[in-house]
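Written below as structure tokens is the structure these notes are about.
Number of protein chains: 2
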Amino acid sequence: MRIVPSEEIAGRLVTFQAGLKKLEVQGAVIRQNTDLYYFTGTVQDGYLIVPAEGKPVFAVRRDVRRAEEQSPLRPIVPLGNLKELPALVDEAVGAPAPRTLGLELDVLPAATFFFFDEKLFPKDHLVDVGGLIRQVRMVKSAWELSMMREAARISHAVARAVPNLVREGMSEWDLMAELQRVALLHGHLGFSRVRAFNLEIFFGHILSGPEAATPSYADSPTGGPGVSPAFGQGSGARALKRGDLISVDTMMNRHGYLNDQTRNFSLGEPHPQLRETYDLCRDLHQWLKENAKPGAVTGELYDAALELVKKAGRLENFMGPGGSGVSFLAHGLGLEVDEFPFIARGQKMVLQEGMTLAFEPKWAIPGVGIAGFENTYVVTPDGLESLNITPEDLVVIS
Amino acid sequence: MRIVPSEEIAGRLVTFQAGLKKLEVQGAVIRQNTDLYYFTGTVQDGYLIVPAEGKPVFAVRRDVRRAEEQSPLRPIVPLGNLKELPALVDEAVGAPAPRTLGLELDVLPAATFFFFDEKLFPKDHLVDVGGLIRQVRMVKSAWELSMMREAARISHAVARAVPNLVREGMSEWDLMAELQRVALLHGHLGFSRVRAFNLEIFFGHILSGPEAATPSYADSPTGGPGVSPAFGQGSGARALKRGDLISVDTMMNRHGYLNDQTRNFSLGEPHPQLRETYDLCRDLHQWLKENAKPGAVTGELYDAALELVKKAGRLENFMGPGGSGVSFLAHGLGLEVDEFPFIARGQKMVLQEGMTLAFEPKWAIPGVGIAGFENTYVVTPDGLESLNITPEDLVVIS
Numbered sequence: 005m006r007i008v009p010s011e012e013i014a015g016r017l018v019t020f021q022a023g024l025k026k027l028e029v030q031g032a033v034i035r036q037n038t039d040l041y042y043f044t045g046t047v048q049d050g051y052l053i054v055p056a057e058g059k060p061v062f063a064v065r066r067d068v069r070r071a072e073e074q075s076p077l078r079p080i081v082p083l084g085n086l087k088e089l090p091a092l093v094d095e096a097v098g099a100p101a102p103r104t105l106g107l108e109l110d111v112l113p114a115a116t117f118f119f120f121d122e123k124l125f126p127k128d129h130l131v132d133v134g135g136l137i138r139q140v141r142m143v144k145s146a147w148e149l150s151m152m153r154e155a156a157r158i159s160h161a162v163a164r165a166v167p168n169l170v171r172e173g174m175s176e177w178d179l180m181a182e183l184q185r186v187a188l189l190h191g192h193l194g195f196s197r198v199r200a201f202n203l204e205i206f207f208g209h210i211l212s213g214p215e216a217a218t219p220s221y222a223d224s225p226t227g228g229p230g231v232s233p234a235f236g237q238g239s240g241a242r243a244l245k246r247g248d249l250i251s252v253d254t255m256m257n258r259h260g261y262l263n264d265q266t267r268n269f270s271l272g273e274p275h276p277q278l279r280e281t282y283d284l285c286r287d288l289h290q291w292l293k294e295n296a297k298p299g300a301v302t303g304e305l306y307d308a309a310l311e312l313v314k315k316a317g318r319l320e321n322f323m324g325p326g327g328s329g330v331s332f333l334a335h336g337l338g339l340e341v342d343e344f345p346f347i348a349r350g351q352k353m354v355l356q357e358g359m360t361l362a363f364e365p366k367w368a369i370p371g372v373g374i375a376g377f378e379n380t381y382v383v384t385p386d387g388l389e390s391l392n393i394t395p396e397d398l399v400v401i402s
Numbered sequence: 005m006r007i008v009p010s011e012e013i014a015g016r017l018v019t020f021q022a023g024l025k026k027l028e029v030q031g032a033v034i035r036q037n038t039d040l041y042y043f044t045g046t047v048q049d050g051y052l053i054v055p056a057e058g059k060p061v062f063a064v065r066r067d068v069r070r071a072e073e074q075s076p077l078r079p080i081v082p083l084g085n086l087k088e089l090p091a092l093v094d095e096a097v098g099a100p101a102p103r104t105l106g107l108e109l110d111v112l113p114a115a116t117f118f119f120f121d122e123k124l125f126p127k128d129h130l131v132d133v134g135g136l137i138r139q140v141r142m143v144k145s146a147w148e149l150s151m152m153r154e155a156a157r158i159s160h161a162v163a164r165a166v167p168n169l170v171r172e173g174m175s176e177w178d179l180m181a182e183l184q185r186v187a188l189l190h191g192h193l194g195f196s197r198v199r200a201f202n203l204e205i206f207f208g209h210i211l212s213g214p215e216a217a218t219p220s221y222a223d224s225p226t227g228g229p230g231v232s233p234a235f236g237q238g239s240g241a242r243a244l245k246r247g248d249l250i251s252v253d254t255m256m257n258r259h260g261y262l263n264d265q266t267r268n269f270s271l272g273e274p275h276p277q278l279r280e281t282y283d284l285c286r287d288l289h290q291w292l293k294e295n296a297k298p299g300a301v302t303g304e305l306y307d308a309a310l311e312l313v314k315k316a317g318r319l320e321n322f323m324g325p326g327g328s329g330v331s332f333l334a335h336g337l338g339l340e341v342d343e344f345p346f347i348a349r350g351q352k353m354v355l356q357e358g359m360t361l362a363f364e365p366k367w368a369i370p371g372v373g374i375a376g377f378e379n380t381y382v383v384t385p386d387g388l389e390s391l392n393i394t395p396e397d398l399v400v401i402s
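Going line by line, the protein sequences match chains A and B.
All residue numbers for the first sequence refer to the numbering used here, where the first residue is 5 and numbers rise by one.
All residue numbers for the second sequence refer to the numbering used here, where the first residue is 5 and numbers rise by one.
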């Protein structure tokens with residue numbers, strides 16, 4: 005078991021408490037699995053009470069013993085009934101109601117908010133600290149980066165397995181099934197957490213041939229046909245053919261931490277239009293590596309990168325087929341697929357050292373296919389460093 | 005592509021509209037992926053406006069063309085900006101504000117509710133129709149049952165593969181990886197949707213030996229060690245040994261519809277205490293099959309079944325190790341893992357023909373292991389019919 009080090013937990017809580025103070029919030033109650041794992045080291049069923057000043061208290065419903073084994077945080081107190089929570093909050097926060105209390109209102113269901121607002125804390129003012137939590141989480145520690153590097157090694161194992169597994173006539177879906185097995189055998193946790201409502205991701209997008217440019221509801225430059233209207237994205241039933249470009253976009257999870265990587269393979273020579281995008285894709289990565297330094301503004305990076313694509317005459321079908329392209333070039337990631345920062349249109353966020361993001365300049369050309377590779381990067385004083393170790397070249401499988 | 009038949013969609017909407025009328029709600033806006041799939045046949049990004057009387061309107065952000073291909077519902081109108089939604093609601097509902105409008109407040113984030121309440125529909129009264137939607141969805145049509153039978157065939161393929169894949173010394177996790185591959189190759193959609201906040205499920209629980217009785221935060225009779233505090237349930241790194249009982253609990257998904265099945269295997273003769281529970285487990289299934297008829301009250305079935313276990317002197321470690329057992333014996337399932345009805349303590353729901361539920365009487369004995377099998381059943385006039393086709397016997401692998 006990879007226990008989250010106690011100094012990690014302590015540091016995160018100090019930053020969060022400073023944020024609460026700045027927002028004039030007297031205390032927060034944290035409930036969501038991802039946030040619980042981040043601030044306690046476990047996702048056992050519980051509520052973490054964080055006063056703006058003083059000692060956090062972790063109230064656990066089940067399993068208390070496992071929470072004690074996995075979390076370095078103390079005290080851990082058993083919580084029999086949710087009605088016991090207000091008294092624990094009173095004690096931890098040290099001030100009587102009315103207070104301003106923070107909840108993850110960006111993810112907690114409305115009905116849960118009503119229960120907290122009307123039944124548990126009727127005298128307090130409840131505010132959203134989801135944004136603050138995302139801000140704390142967006143800057144990664146050395147330990148977190150080491151987890152993300154481990155995830156990158158799983159991505160590498162998966163990409164390396166592709167040439168041996170691909171066969172003409174095999175379906176995209178079956179290739180995905182084989183790659184999923186490789187990922188799990190190499191320590192992929194199996195699923196990836198998200199923050200946005202309705203956002204769904206399963207393994208990634210293993211897409212091939214012209215149908216790969218099928219648009220979908222997925223908030224991603226690639227969509228894919230899927231195998232069912234019940235999940236209309238990702239791999240379809242299409243059989244791999246000679247001449248196909250196969251895009252292997254995988255989201256690997258190591259102890260909760262993600263690595264997002266896309267590599268391209270082709271069965272024989274790919275369509276020249278896809279081959280041609282490759283040099284521009286490489287140039288864009290190089291440009292961003294040099295320019296995405298601490299202090300850079302995400303919206304400005306977006307505009308400048310788009311200008312480069314425009315100058316190269318390749319704006320058509322960039323980041324999605326036809327006019328359906330997404331308005332971001334990179335998304336932050338860590339414990340969730342959709343973390344801060346986003347390199348996207350109109351964003352004003354300033355890059356900081358230790359932020360991590362997946363940059364995925366891609367083209368989806370109707371009737372032709374998709375191309376473009378993707379790395380997960382960390383922001384360093386000198387620009388971006390790739391956490392991925394897989395060579396970026398398009399691999400031609402003869 | 006398995007398109008949802010138009011008569012399915014029409015029938016569901018009629019039932020839902022009757023429910024809205026009864027609740028005196030003038031219209032509802034449906035947003036969550038599962039509910040969208042149920043009422044429209046697609047999960048493309050959109051909002052379904054359902055007036056209590058009159059024609060529903062499906063407003064789609066992306067991808068409109070795919071929504072048109074997958075959904076038999078008309079009209080489908082493109083939605084550029086969320087600010088266009090109120091005018092579409094006005095037109096569909098046909099009455100001006102103030103109105104009572106229904107939202108899925110059991111799943112929609114609080115922040116989304118605030119936006120609807122303050123910005124989009126400031127004059128209307130917004131109420132929760134999540135419960136109504138769950139009530140409509142809990143009774144399955146013949147078409148839905150045929151999907152659930154297809155999912156049961158995937159469960160069968162996975163269970164049948166176990167004896168050939170199990171090897172002494174192999175880890176639980178690696179067995180899970182191999183079974184996941186089999187599931188995907190047989191048409192499993194790869195993941196399973198849930199309704200409750202923080203509820204997470206990945207593939208199921210493939211657990212072995214004494215450590216299988218490790219309790220966890222999972223709302224399930226079995227927990228399991230997991231391989232990381234980031235997801236502290238399910239398969240662990242433990243190597244399979246002679247004498248192990250291996251519990252293969254899988255959640256298979258066919259076009260969104262689930263099948264939950266548990267079968268037991270042992271490497272040589274299992275611990276006699278686990279072998280002994282098997283007859284009682286079979287008796288409990290037989291008892292429920294005969295007694296869970298339309299009209300039966302779920303809480304009464306729970307009490308009576310528990311009484312049978314008590315009479316047999318096997319209440320200890322039933323439905324979880326030590327005192328940590330869950331207070332349900334069966335959960336409804338369909339498009340989500342946690343549907344109505346629950347055969348659970350204190351529940352007053354009355355069974356109806358066409359309801360589906362997974363019944364899982366299990367024992368988790370600390371230091372010994374877990375045993376018990378599980379089927380997904382449909383309520384018929386004569387009692388329960390199993391949708392599962394896998395023989396229920398414990399399979400001894402020599």
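Just so it is clear, CB atoms sit at the ideal spot from N, CA and C, and this is done for glycine as well.
1. Quick check on the DSSP output: the beta strand (DSSP E) that includes F363(A) runs from which residue to which?
2. Among the residues of its own chain, which have a CB less than 6 angstroms from the CB of E73(A), if the five just before and after it don't count?
3. Return the Cβ separation of P233(A) and I7(B) in integer angstroms, given the expectation that the two are a contact with Cβ distance under 8 angstroms.
4. Report yes or no: is there a C-beta of chain B within less than 8 angstroms of the C-beta of H289(A)?
5. Could you give the first and the last residue of the continuous alpha helix (DSSP H) run that contains E280(B)?
6. Excluding five sequence neighbours on each side, which residues of the same chain lie with their C-beta closer than 7 angstroms to the C-beta of G3(A)?
7. On the DSSP letters alone, give me the boundaries of the beta strand (DSSP E) that M142(B) sits inside.
8. Quick one: Cα of V130(B) to Cα of L92(B), how far?
9. Tell whether a beta-carbon distance below 8 angstroms holds between P102(B) and P113(A).
10. Below 6 angstroms CB to CB, which residues in the same chain sit around S10(A) once its five sequence neighbours on both sides are set aside?
11. Using DSSP's beta-bridge definition, name the partner residues of S75(B).
12. So S251(B) is in the beta strand (DSSP E); what residue range does that whole segment cover?
13. Using the C-alpha atoms, what's the distance from L179(A) back to L169(A)?
14. Check this for me: beta carbons of G240(A) and V231(A), under 8 angstroms apart or not?
15. Does chain B have any CB closer than 8 angstroms to the CB of D49(A)?
16. Candidates L86(B), R138(B), G45(B): which alpha carbon is nearest K123(B)'s?
17. Report yes or no: is there a C-beta of chain A within less than 8 angstroms of the C-beta of G236(B)?
18. If you measure from the beta carbon of M359(B) to each beta carbon in chain A, is any gap under 8 angstroms?
19. Can you say whether P82(A) is buried or exposed, counting buried as having 16 or more other CB atoms within 10 angstroms of its CB?
20. Do the CB positions of T104(B) and V18(B) come within less than 8 angstroms of each other?
21. When the distance is taken between beta carbons, is D342(A) closer than 8 angstroms to V198(A)?
22. Tell me the residue span of the alpha helix (DSSP H) that contains D67(A).
23. Looking at the structure shown, is V8(A) part of a helix, part of a strand, or coil, going by DSSP?
24. Give the secondary structure of L244(A) by DSSP, where H, G and I count as helix, E and B as strand, and everything else as coil.
25. When DSSP labels each residue in this structure, what does L262(B) get in the three-state scheme?
26. Excluding five sequence neighbours on each side, which residues of the same chain lie with their C-beta closer than 6 angstroms to the C-beta of S403(A)?
27. Using C-beta distances below 7 angstroms, list every residue in its chain close to V97(A), excluding the 5 sequence neighbours before and after it, in chain order.
28. Would you grab the beta carbon distance between F207(A) and M255(A) for me? Rounded to a whole angstrom, and I think it's under 8 angstroms.
29. Based on Cα-Cα distance, which residue from Y261(B), M142(B), M323(B) lies nearest to T281(B)?
30. Mind the definition here: the stretch 133 to 141 of chain B touches the stretch 136 to 146 of chain A only if three or more C-beta pairs lie below 8 angstroms; say whether that holds.
31. How would you list, in chain order, the residues of chain A whose beta-carbon sits under 7 angstroms from the beta-carbon of S220(B)?
32. Between the beta-carbon of K366(B) and the beta-carbon of T226(B), is there less than 8 angstroms?
33. Taking only beta-carbon atoms, is Q232(A) less than 8 angstroms away from chain B?
34. Do we get a CB-CB distance below 8 angstroms when we pair V341(B) with the residues of chain A?
35. Residues in the same chain with beta-carbon distance under 8 angstroms from F20(A), minus the five sequence neighbours each way, listed in chain order, please.
36. Whose C-alpha, out of A222(B), P298(B), I80(B), R69(B), is nearest the C-alpha of G236(A)?
In this structure, then:
1. 360 to 363
2. Excluding sequence neighbours, E73(A) sits near nothing in its chain.
3. 6 angstroms
4. no
5. 276 to 295
6. Only positions 5 to 402 of chain A appear in this structure, which leaves residue 3(A) out of reach.
7. For M142(B), no beta strand (DSSP E) run applies; the uninterrupted alpha helix (DSSP H) run containing it begins and ends at 134 to 142, by DSSP.
8. Note that residue 130(B) is Leu in the sequence shown, not Val. Taking the straight line from one Cα to the other gives about 17 angstroms.
9. no
10. P76
11. DSSP output for S75(B) lists no bridge partner at all.
12. 249 to 258
13. Approximately 7 angstroms, taken between the alpha carbons.
14. yes
15. yes
16. Closest option to K123(B), Cα to Cα, is L86(B).
17. Any Cβ of chain A closer than 8 angstroms to the Cβ of G236(B) would place that residue at the interface, and such an atom is present.
18. no
19. exposed
20. Pairing T104(B) with V18(B) gives a Cβ-Cβ distance that is not under 8 angstroms.
21. yes
22. Run containing D67(A): none; DSSP gives neither H nor E here.
23. coil
24. If DSSP states are grouped into helix, strand and coil, L244(A) belongs with coil.
25. strand
26. Since the displayed chain A opens at 5 and closes at 402, residue 403(A) lies outside it and no answer follows.
27. Excluding positions up to five away in sequence, the list reads Q30, G31, P55, R103.
28. Confirmed, Cβ separation roughly 7 angstroms.
29. Nearest in C-alpha terms to T281(B), of all of Y261(B), M142(B), M323(B), is M323(B).
30. no
31. D67, R70
32. yes
33. Rather than Gln, the amino acid found at residue 232(A) in this sequence is Ser. Closer than 8 angstroms to some Cβ of chain B, the Cβ of S232(A) qualifies, so yes.
34. no
35. A32, F43, V54, L136, I137, V140
36. R69(B)
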